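Quick note: the sequence shown uses my numbering, first residue 182, plus one each step. By construction, the Cβ of each residue, glycine as well, lies at the ideal position given by its N, Cα and C atoms. Since we're looking at a predicted model, the values are computed, not measured.
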Amino acid sequence: MPSTTDFKNGLIIQHKNNLWKIVEFLHVKPGKGSAFVRSKLKNIRTGQVVDETFRAGEKIEVVRVEARDYTYLYNDGNNYVFMDQETFDQINLSESQVKDVLEFLMENTNTTIAFNGDDPIEVRIPKHMNIQVTETDPGEKGNTAQGGSKRAILETGVTIQVPLFVQIGDTIRVDTKEKRYIERVKY
Numbered sequence: 182m183p184s185t186t187d188f189k190n191g192l193i194i195q196h197k198n199n200l201w202k203i204v205e206f207l208h209v210k211p212g213k214g215s216a217f218v219r220s221k222l223k224n225i226r227t228g229q230v231v232d233e234t235f236r237a238g239e240k241i242e243v244v245r246v247e248a249r250d251y252t253y254l255y256n257d258g259n260n261y262v263f264m265d266q267e268t269f270d271q272i273n274l275s276e277s278q279v280k281d282v283l284e285f286l287m288e289n290t291n292t293t294i295a296f297n298g299d300d301p302i303e304v305r306i307p308k309h310m311n312i313q314v315t316e317t318d319p320g321e322k323g324n325t326a327q328g329g330s331k332r333a334i335l336e337t338g339v340t341i342q343v344p345l346f347v348q349i350g351d352t353i354r355v356d357t358k359e360k361r362y363i364e365r366v367k368y
């Protein structure tokens, strides 16, 4: 049976009658006393993040999840519709089930949905996405050498900081986890 030595970020465990995702953890070996694992767990259902401490070597119940590839199709008001890329079956997820990725969810985005049996528990989007800038202040000519930044609104509605040379209509690569600019995409 798995124990706390098997902890890794993203692992989903059964704890206190709920499913929890390990956000971060740290093995601690104090000078006195026994070792322990300090962790941050995120509730899959509610999104609540809690700090939890486990004894080193304590047995845990790991949840085996099956991940399948889906394409996000559209939002019909209350539900977000995804299509299985192999069987073309469609599933509807509520806003609470997609809230972690909602800021970057665009039509035709390839996603991965993790299932616990038939129950969808997590939607994953690509770590880097190409998104078009819809609103930003114009950059002043010759004022881009200092590496300053300005606010930009992307086509998904999220606001991030971009370099001064980025203009409306530019497509940029964005880190979806950290919500930050990576580079301008040239076609």
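{"query": "Identify, in the order they occur along the chain, each residue of the same chain with its Cβ nearer than 6 Å to the Cβ of residue 311, setting aside the five sequence neighbours on each side.", "result": "352, 354, 366"}
{"query": "Is it the case that the Cβ atoms of residue 230 and residue 240 are separated by a distance below 8 Å?", "result": "no"}
{"query": "Below 8 Å, how does it come out for the segment 242-257 and the segment 288-304: are there three or more Cβ pairs, yes or no?", "result": "yes"}
{"query": "Per the DSSP calculation, residue 362 is bridged to which residue(s)?", "result": "355"}
{"query": "With respect to the alpha helix (DSSP H) encompassing residue 276, which residues constitute its N-terminal and C-terminal limits?", "result": "276-279"}
{"query": "Ignore the nearest five residues each way along the sequence and tell me which others in residue 207's own chain have a CB closer than 6 Å to its CB.", "result": "219"}
{"query": "Pair every Cβ in the segment 256-266 with every Cβ in the segment 334-350, then say whether three or more of these pairs are closer than 8 Å.", "result": "no"}
{"query": "Just how far apart, CA to CA, sit residue 217 and residue 350?", "result": "51 Å"}
{"query": "On a CA-only basis, which of 356, 304, 362, 345 is nearest residue 246? Give me that one, please.", "result": "304"}
{"query": "Distance, Cα to Cα, residue 182 vs residue 242?", "result": "8 Å"}
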